[in-house]
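Asker: Taken in order, the sequence shown gives residues 923 to 982; the numbers are from the numbering used here.
Shown below is the structure under consideration.
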Amino acid sequence: MITKIAITIIVIIMIGPMIAVIGIVGMMTGITGTTAAISKTITATELQVTNSTTTDGNRW
Numbered sequence: 923m924i925t926k927i928a929i930t931i932i933v934i935i936m937i938g939p940m941i942a943v944i945g946i947v948g949m950m951t952g953i954t955g956t957t958a959a960i961s962k963t964i965t966a967t968e969l970q971v972t973n974s975t976t977t978d979g980n981r982w
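Right, here's the structure in full:
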């Protein structure tokens, strides 16, 4: 009975940091994903702006 309790405590102690690590990794991937999406939209808008200016330049 005591050994079972001890094993349970050890397992809980082992799982705790694992969950924390998974959470941190999830947060990191979430942050990188968000920044990547933001940078992508910025580059897309920049491309659109440069395209519009070049077409305007050709017109004149």
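All C-beta atoms, glycine included, are put in the ideal place defined by N, C-alpha and C.
Going by beta carbon distance, what residues of the same chain come within less than 7 Å of L969, once the five residues before and after it are set aside?
Answerer: Hits under 7 Å: none found.
Asker: Helix, strand or coil: how does DSSP classify M923 here?
Answerer: Three-state result, M923: coil.
Asker: For I934, which residues in the same chain have their Cβ closer than 8 Å to its Cβ, ignoring the five residues on either side in sequence?
Answerer: No residues qualify anywhere along the chain.
Asker: Would the C-beta of I944 count as close to the ligand FAD, meaning under 7 Å from any of its heavy atoms?
Answerer: Of ligands this structure carries none, so the ligand FAD is not represented either.
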